[in-house]
Amino acid sequence: MLSRPKPGESEADLLKFQNQFLAAKAAQAVKVVKKADKRRGDLGSGEDERPPLQHDRDVVMLDDFPDVPPPLTPAPPKKSKFKSARVQFDEDPGEQLDRSDQHITAVFSKIIERDTSTANVTMPVFTGDAFPRVFHRSEIKTEAKSAAGKKSIFAQKIAAKRAAEVAQISSLSLEEAEQTNVGPAAADAALPSEATETQFLRGEEDKPAGSVHSQRSSIVTGKGLGSLGGEQEAQNIHKENLEKLQSMSQEQILEEQKRLLAQLDPGLLAFLKSRRDGKTTGEGESQKQHERPGKLLHPETQPRPQHEAEETLKAPLLQKPVMEVEEGMEESLQTEAGARMEDITGGDLPVKPQKEWLHMDTVELEKLQWLKDLPEPRQKKTKKAMQARFNLKGELIPPDKDLPTHLGLHHHGEEAERAGYSLQELFHLSRSQVIQQRTLALQVLGHIVQKAKAGEFASSLKGSVLRVLLDAGFLFLLRFSLDDPVDNVVAATVHALHALLVSPDDEEYLDKTFSWYQGITVYPFIPNEGEEEEMEEEDENEGQAPTQKAPGKRPKDENKPDPEVAQYDAIKGLLKTKILQRMRYILEVMRPVPLVVLESLDILTRIGRHSTEACSRILDCPRLVEMVIREFLPTQWNPKVAEPGQLLTSLHGVPCATAMKLMRVLASGGRNVAARLLNKFELKSRLGRFVAEDPKDLPLRIEEAIRMNTEAFRLWAVATGYGQACDLFGDLYPVLMKMVPSLAQLAGSFQENNSLFELSVQRATAMVTLLTQVTQTASCRAELQAQLSRSDAEGGGQIPPPPVTWSQVSGFRPIIEMQLKGCLEQITQLEIWQALQPLTTAYVLYMAAYYSHCNQQPSVNPIDSLEEVEHLTSALLLPLLSQPVMQNLWEMLRPCSAVCNPLTCSPAPESLPSIVSLSCTGGKPPMSLAGSKSPFPFLTAFLVLVDSIITVHKGLVGKYVSILDVKGVTDYLLQSWTADPPSITPSSAWLLSHEYHFQYYVLSLAQKMAGTCPDYSQHASLHHCVAMALLSRLLPGSEHLAHELLLGLVFNAKLIPFLCLWSNTFPLLKTT
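What the sequence shown shows, in this note's numbering, is residues 6 to 1077, in sequence order.
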């Protein structure tokens, strides 16, 4: 225990006691706690928070004093309170005009200098002098200007000075060798390396071009051995080579030279020769680029590209010559033009330089060429193809067109006399630091893509514009530009991406065929290259067990880089770049103008049409679908948007039919996707909101309200096809019973070329398509209910029946039948019939769906259904067959057939394998399968209805035998059987699937008549040949048709010709 301090002890004794206490590490008897200063509110400033003492001496610690000295930063500038009250003078009028100049030339004139901060700087050559001697350029004679390249005056002076120094050193070394009586070999050895190389080079100028002496030490540079040791080793090697050459005679050198020339590769020899002049073989590289397939180069000027995109776009498109001249005249004209460009005199300049001006004692006319007027376009005097150039609207400028310079089309270096910009220059301008230049370049590229897809450049350009753009990385250029923070650049990028991916005509025809037979089902827009990749992957894993996966094997495209994936599938390549997240950010955060919103939704719709996987990716993107439904499908919005003349500045918070179409396309991706949309994203409430109210009562513009109602019915039809959203049908049953009878008023309100009437017909067609899908779903209820009761007794799981009954849908049959009769009464008036034909087709398909399932319902009396079928046949269908219009429809089968006319489904001129298109750009011809005068949609629906009727009532088969005797039908079947089918492309597969349905129902009618009609044998052989041809042509997804053909047509003895003859001649033999 330590003793306490006693009186008389000094301060040294106290420090000694303190050291003993600290050395013993004893516990403190008293703990000092410093209370917080309430005035400062510093609750944690006690002594416990102070750091422990690290010194043996006393340390004085001051509160509120920082341990680190404050940084020496300048104080913020003081702001004057009286600055705003000072007198201010107007700015310079010239500067004000320059700043407010909005002409297009002001955008191109803002030049930003190249950043040279990272450029390589070569150090000067070390000399024996302490510091280089100062000289004036007037002391040196000007070097003779070489024809190979153009040098400035200063460069010519410096080159002449170096040449003089080398010559002086050579002469001094030779004189010393002669004075000391040393041979020429020693004199050569005494020369510096540079002088020796110059001497050998100068001494061998008169030798053949393939001389080995022309290979200087620049061939072996030693760069790979380091900065110091490499140069020394290269010098040693060079000295050994020189000594070896000096020890050989002239004959030996020539002999070794011939032996080396015979052994070396000609390409390597040309490269070694080029090193003598300090340059690489640019001609060989340019020739290789010219011979590279898919990259057409300019025949006259071929500057070297700096990166891959510029290499691909270096004059990739050549314009066809406008006029031709003779070859000799062309060469003479080119020679004269070159002479005019080289021989420049002061008289050609608009401003004559004078020697009295500063630094103009020596006039360099080459540097004053830019002051001259531009020469006339040379295409007027040559037959060679020129580089394609476009104006700011994306239009191709003819090579012989001379446009004024104030239009802003001459701000480029190559071919300065020609107006317009090439693709390479637009690519370069799209990455500019100036916002207006980036925006303008992307806008022009978007216009070029639109016109290229329309086929406007097919007759003027050699090559495909879209293919060249994609090979140069145009897709990823747009993806990079989407990340730009400027709204104008993003808007131009979205427009260009929309022009590249989306085809409005394709979407229009897909909406048109939605209400056709099986029109809801659309092939996914997946390129064919995907199937080849899958085949390659299957071949790689062919040796593995079926249940065994390759170790570490990822999905097919996950390990591939984005450009490689985009080469055969542009949509999949964009999905790998996280474009969905960026589109969500643009729509949610940037909130662009309405046009950009609509184009963004169209892009998402096009991505959704790609595949079911793409639809799932859209649904999995965080907040994307929620944002679209919240912002563009709200249940409440400002009614001012419906006021006439109201300018819509933003689409956010306003219902948009394009957003509803996006939901419909996503729902078409599969049953699971539709279930997620209806349940997770609460889309069912939006359906009820836009279906229950009449379009005239919606607070929207009438056109947009009709489109919104139409898309809501189509989405509902897709969902009910999966057996989903059927409970909504029971809730809105009174609304539908009120809407469906009102459709009869359309025939009386017909107006030619009225857009509202066409939109109303589309809405009515979508409504009837919904009833057709609900009828097919309700027909399964009885069967599923019986299976569910059996599974409950057995204890197994079963699909629950849909919440819609047959009695709910059967009430619409009389209404639809009456309206069908009203539409058929207008068949004699061609204009009204042409306008109402889509609605009539939907009516017929509804009747076919109803009668194909009515006999399967327990609540339906079979006798009543037979009477209804007989009444429908006698009152509507048989009179319809006798109409002249029906005869015209049968005759139009062959002219409108895609099988008989393969050119109608040929791909577009600018179609790309990586971007699937239906080739509907510009519209289909009227006399085609998808044209306005096509008979296939109505006749297919008519045959489906006939097939349903004769299935229910077999006694009516003979009533429809006249269909197979129509000359138009037999001629069509004969030509479709003998004609070669068109090649399978996305556009042809879409059309052929509809035509093959028509052929199947014709053959199905023939099958039913073969057993009942005795006079049918005359068409049996034709129908059997058509069935065999159709079986070999069916597309994927038509397996059920192949099953029906094999089951009832292909091996039917009554259709095979020789079996028909055998059965008629001999009785049927029975075996026991």
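Note that beta-carbon positions come from the ideal geometry of N, C-alpha and C, so glycine has one too.
Please classify residue i as buried or exposed, where buried requires at least 16 neighbouring CB atoms within 10 angstroms.
{"i": "residue 306", "result": "Note that residue 306 scores a pLDDT of 32, beneath 50, so its modelled location is shaky and nothing firm can be said."}
{"i": "residue 869", "result": "exposed"}
{"i": "residue 796", "result": "exposed"}
{"i": "residue 445", "result": "buried"}
{"i": "residue 648", "result": "exposed"}
{"i": "residue 669", "result": "buried"}
{"i": "residue 362", "result": "exposed"}
{"i": "residue 5", "result": "What is shown of the chain runs 6 to 1077, which leaves residue 5 out entirely."}
{"i": "residue 420", "result": "buried"}
{"i": "residue 937", "result": "exposed"}
{"i": "residue 438", "result": "exposed"}
{"i": "residue 530", "result": "buried"}
{"i": "residue 162", "result": "buried"}
{"i": "residue 452", "result": "buried"}
For residue i, which three-state DSSP category applies?
{"i": "residue 695", "result": "helix"}
{"i": "residue 980", "result": "helix"}
{"i": "residue 365", "result": "coil"}
{"i": "residue 395", "result": "strand"}
{"i": "residue 804", "result": "coil"}
{"i": "residue 1057", "result": "coil"}
{"i": "residue 917", "result": "strand"}
{"i": "residue 531", "result": "coil"}
{"i": "residue 462", "result": "coil"}
{"i": "residue 990", "result": "coil"}
{"i": "residue 1043", "result": "coil"}
{"i": "residue 33", "result": "coil"}
{"i": "residue 685", "result": "helix"}
{"i": "residue 700", "result": "helix"}
{"i": "residue 1005", "result": "helix"}
{"i": "residue 38", "result": "coil"}
{"i": "residue 932", "result": "coil"}
{"i": "residue 556", "result": "Bear in mind that a pLDDT of 38 at residue 556, under 50, signals an unreliable position, so the number given afterwards is only what the model happens to contain. Three-state DSSP puts residue 556 in coil, outside helix and strand."}
{"i": "residue 493", "result": "helix"}
Closest by CA to residue i, which one among the options?
{"i": "residue 393", "options": "881, 521, 428", "result": "428"}
{"i": "residue 917", "options": "473, 436, 957, 715", "result": "473"}
{"i": "residue 586", "options": "573, 488, 744", "result": "488"}
{"i": "residue 893", "options": "833, 276, 369, 162", "result": "833"}
{"i": "residue 657", "options": "688, 595, 985", "result": "595"}
{"i": "residue 484", "options": "579, 402, 437, 438", "result": "579"}
{"i": "residue 896", "options": "968, 959, 617", "result": "968"}
{"i": "residue 727", "options": "260, 698, 777", "result": "777"}
{"i": "residue 1078", "options": "381, 404, 400", "result": "Residue 1078 lies beyond the residue range present for the chain, which begins at 6 and ends at 1077; the question has no answer from this structure."}
{"i": "residue 820", "options": "855, 790, 460", "result": "855"}
{"i": "residue 432", "options": "419, 425, 450", "result": "450"}
{"i": "residue 718", "options": "609, 686, 662", "result": "662"}
{"i": "residue 1012", "options": "611, 1028, 817", "result": "1028"}
{"i": "residue 791", "options": "238, 1054, 700, 806", "result": "806"}
Based on the DSSP secondary-structure assignment, which residues constitute the bridge partners of residue i?
{"i": "residue 426", "result": "395"}
{"i": "residue 401", "result": "395"}
Under 8 Å by Cβ, that's how I've got residue i and residue j pegged, so tell me the actual separation to the nearest angstrom.
{"i": "residue 1017", "j": "residue 962", "result": "5 Å"}
{"i": "residue 842", "j": "residue 943", "result": "6 Å"}
{"i": "residue 504", "j": "residue 447", "result": "Not confirmed; about 11 Å, so no contact."}
{"i": "residue 379", "j": "residue 356", "result": "With 8 Å as the limit, residue 379 and residue 356 do not qualify as a contact, their Cβ atoms being about 16 Å apart."}
{"i": "residue 646", "j": "residue 659", "result": "5 Å"}
{"i": "residue 459", "j": "residue 928", "result": "Not confirmed; about 11 Å, so no contact."}
{"i": "residue 1021", "j": "residue 1015", "result": "5 Å"}
{"i": "residue 664", "j": "residue 715", "result": "That pair is no contact at about 13 Å."}
For chain D, check one thing: does any of its Cβ atoms lie closer than 9 Å to the Cβ of residue i?
{"i": "residue 883", "result": "In the structure shown, chain D does not exist; there is a single protein chain."}
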